[in-house]
Amino acid sequence: MAKKDINQAKLSERRRKRLQELEAQMSELKKKLNDQSKLLKLKESTERTVSKLNQEIRVTNPSLRL
-3 MAKKDINQAK
7 LSERRRKRLQ
17 ELEAQMSELK
27 KKLNDQSKLL
37 KLKESTERTV
47 SKLNQEIRVT
57 NPSLRL
């Protein structure tokens, strides 16, 4: 009976450690996702600015073609 309890405790400990590993991995992936989201928003903002500036250039100097 004691051996069964020891095995059960070992199994519980392995599961606990695995859960901690997965939680840490999830946290890291959430951080990466957040960083990528920020970069995507920055890229979209930059693209809008470039488009706006290109439009202004075309309006002020129609002989230029971009």
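The end of the sequence shown is residue 62 by the working numbering, with every number in the run present. Positions of the beta carbon are idealized from the N, C-alpha and C atoms, including for glycine. All values reported here derive from a predicted model rather than from experimental measurement.
Check                                                                                           : Outcome
Helix, strand or coil for Asn57 per DSSP?                                                       : coil
Would you check whether the ligand FAD has a heavy atom nearer than 6 Å to the C-beta of Ile53? : The model depicted lacks the ligand FAD and carries no ligand whatsoever.
Can you tell me the Cα-Cα spacing of Lys6 and Lys(-1), whole angstroms?                         : 10 Å
In angstroms with no decimal places, state the Cα-to-Cα distance between Ser47 and Lys28.       : 28 Å
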